[in-house]
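Written out below as structure tokens is the structure these notes cover.
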Amino acid sequence: MSTPTHDPQSGDRPDRGPGTANPGTDPTNPSPASAKGSAATADANPADPANPATVDMDEPPAGGSFTRYFLRKLGGAATSMVLVIVLGFFAFRMLPGDPVLKIAKERPMSPAQIAELRSQYGLDKPVIVQFWDYLVGIVTGDLGESYVYRKSVSSLIGEYLGPTLLLTATAAVIAIVLGLWLGQISAWRRNTLFDKLASSTSLIFWSVPTFWLGLILLMIFGGTLQWLPTGGMITPGLDPWSPAGIIDVIKHLILPVVSLVAVVYAQFLMIMRASLLEEMNEDYLTTARAKGLTEDEVRRRHAVPNALLPTVTVVFLHIGGLIAGAVTVEAVFSWPGLGKLTFEAIRGPDLPLLQGTFVVFSAIIIVMNLAADIVYRFLDPRVRRA
0 MSTPTHDPQS GDRPDRGPGT ANPGTDPTNP SPASAKGSAA TADANPADPA NPATVDMDEP
60 PAGGSFTRYF LRKLGGAATS MVLVIVLGFF AFRMLPGDPV LKIAKERPMS PAQIAELRSQ
120 YGLDKPVIVQ FWDYLVGIVT GDLGESYVYR KSVSSLIGEY LGPTLLLTAT AAVIAIVLGL
180 WLGQISAWRR NTLFDKLASS TSLIFWSVPT FWLGLILLMI FGGTLQWLPT GGMITPGLDP
240 WSPAGIIDVI KHLILPVVSL VAVVYAQFLM IMRASLLEEM NEDYLTTARA KGLTEDEVRR
300 RHAVPNALLP TVTVVFLHIG GLIAGAVTVE AVFSWPGLGK LTFEAIRGPD LPLLQGTFVV
360 FSAIIIVMNL AADIVYRFLD PRVRRA
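Put into structure tokens, the structure is as follows:
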């Protein structure tokens with residue numbers, strides 16, 4: 000902007016009215032040359048952080064790159080995993096009972112045979128030596144040999160992991176879809192009969208223990224009515240990949256899946272409802288309505304995507320917890336998964352098997368937490384700028 004100068008002959012000139020003000024000296028009317036110069040400066044340096052108009056607010060600031068963010072979260076996950084490994088070793092050795100003496104009760108054994116069995120399992124070594132062998136085994140993928148099954152723990156986990164993933168993945172998909180859908184409808188129709196019924200029903204299921212609900216369903220539909228199988232994954236003798244076998248597996252899935260879904264979907268419903276209610280009075284929804292969008296379009300295209308942001312983290316956290324929570328359901332329905340394997344290991348106590356399943360369950364939860372942090376960063380620009 001040009002700087003006004005003193006004119007020695009200004010007294011000979013008539014006064015300028017408002018309509019004839021010099022555009023170069025009026026601070027409210029910058030000169031075209033100055034505006035052109037500012038535009039040229041902005042074009043010359045489009046990413047100048049000193050110029051807010053040229054900064055993309057969706058991009059992270061300098062030093063906030065995705066690589067640094069990911070490495071920081073990965074370091075936190077690795078630290079948690081180390082703590083889990085240490086805890087998994089020492090905590091299970093506090094359990095009451097001696098696995099060798101339990102094996103000795105099942106068949107007559109002399110003291111020399113008991114000592115030999117204890118030496119075979121490495122239980123005669125100092126605890127610090129056992130811990131070192133445990134760490135080496137985890138790094139090399141050798142989780143030891145099960146006392147009960149007399150098989151390697153790694154092979155047992157690989158054998159029982161498939162049924163657990165089938166059960167929990169089916170329950171997770173149904174619970175997420177059902178909970179988020181009912182949650183958004185309930186929030187959009189707040190204080191209606193639908194909202195009251197959906198909210199009260201979800202609160203009841205949320206407070207019910209999963210194993211208790213499984214026992215009730217087992218007694219009603221498997222015992223009294225005899226509509227569905229009471230346990231197992233498939234009827235013995237059937238090929239699981241044949242049409243009859245697939246139908247039989249689905250029948251065996253119904254009761255354990257319903258037991259998991261009934262409790263988990265309620266959490267998604269209540270969280271989605273609360274998140275959407277916070278978005279109901281935002282100005283951008285009023286703007287969307289002013290553009291002529293219908294209520295359904297406002298909900299689907301504007302309100303729900305923003306309400307999903309805080310829900311994403313909860314969904315990932317509960318997916319990890321759902322796998323760990325399958326222990327009781329698999330025990331109730333004799334489902335041949337990691338949950339049933341863990342339950343049988345506790346009765347031993349089968350220390351190598353307990354340690355192996357504990358590490359697997361904990362690793363799944365930690366990975367889900369890491370995935371939640373990564374996904375949330377992509378969904379919410381505020382996290383990218385933090």
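Terminal number for the sequence shown in numbering that gives the first Met the number 0: 385, no gaps in between. Just so you know, even glycine gets a beta-carbon here, dropped at the ideal spot from N, CA and C.
- Taking C-alpha positions only, residue 268 is separated from residue 305 by approximately 16 angstroms.
- Rounded to the nearest angstrom, the gap between the Cα atoms of residue 340 and residue 177 is 30 angstroms.
- Residue environment for residue 112: exposed (fewer than 16 other C-beta atoms within 10 angstroms of its C-beta).
- Under DSSP, residue 79 takes part in no beta bridge, so it has no partner.
- Beta-bridge partners assigned by DSSP to residue 151: 144.
- Judged by DSSP secondary structure, residue 269 falls within the alpha helix (DSSP H) whose first and last residues are 242-278.
- In this model, residue 370 and residue 307 are separated by some 16 angstroms (Cα to Cα).
- Put simply, of 198, 188, 333, 95 the residue whose alpha carbon is nearest the alpha carbon of residue 210 is 333.
- The Cβ atoms of residue 359 and residue 156 lie closer than 9 angstroms to each other.
- According to the DSSP assignment, residue 196 belongs to the alpha helix (DSSP H) that extends over 192-205.
- With distances taken between CA atoms, residue 94 lies nearest to 348 out of 373, 374, 348, 352.
- Between the beta-carbon of residue 355 and that of residue 159 there is about 11 angstroms, and that puts the pair past the 8 angstroms contact cut.
- Between the alpha carbons of residue 245 and residue 293 lies a gap of roughly 43 angstroms.
- Annotation for residue 83: 361 place their beta carbon closer than 6 angstroms to its own, counting only its chain and skipping 5 residues before and after.
- Excluding its 5 nearest sequence neighbours in each direction, residue 188 has C-beta neighbours in its own chain below 6 angstroms: 194, listed in chain order.
- The C-alpha of residue 239 lies about 43 angstroms from the C-alpha of residue 275.
- Going by beta carbons, residue 319 and residue 329 fall outside the 9 angstroms limit.
- Secondary structure of residue 213 (DSSP, three-state): helix.
- Residue environment for residue 351: buried (at least 16 other C-beta atoms within 10 angstroms of its C-beta).
- Each residue's CA atom was taken as its position, placing residue 139 and residue 132 some 10 angstroms apart.
- Under the three-pair Cβ rule at 8 angstroms, the stretch 248-257 does not count as touching the stretch 307-317.
- Of the residues assessed, residue 168 falls on the exposed side of the cut-off, its CB having fewer than 16 other CB atoms within 10 angstroms.
- Taking all protein chains in view, the Cβ of residue 171 is crowded by 16 or more other Cβ atoms within 10 Å, so the residue is classified as buried.
- At least 9 angstroms separates the beta-carbon of residue 92 from that of residue 147.
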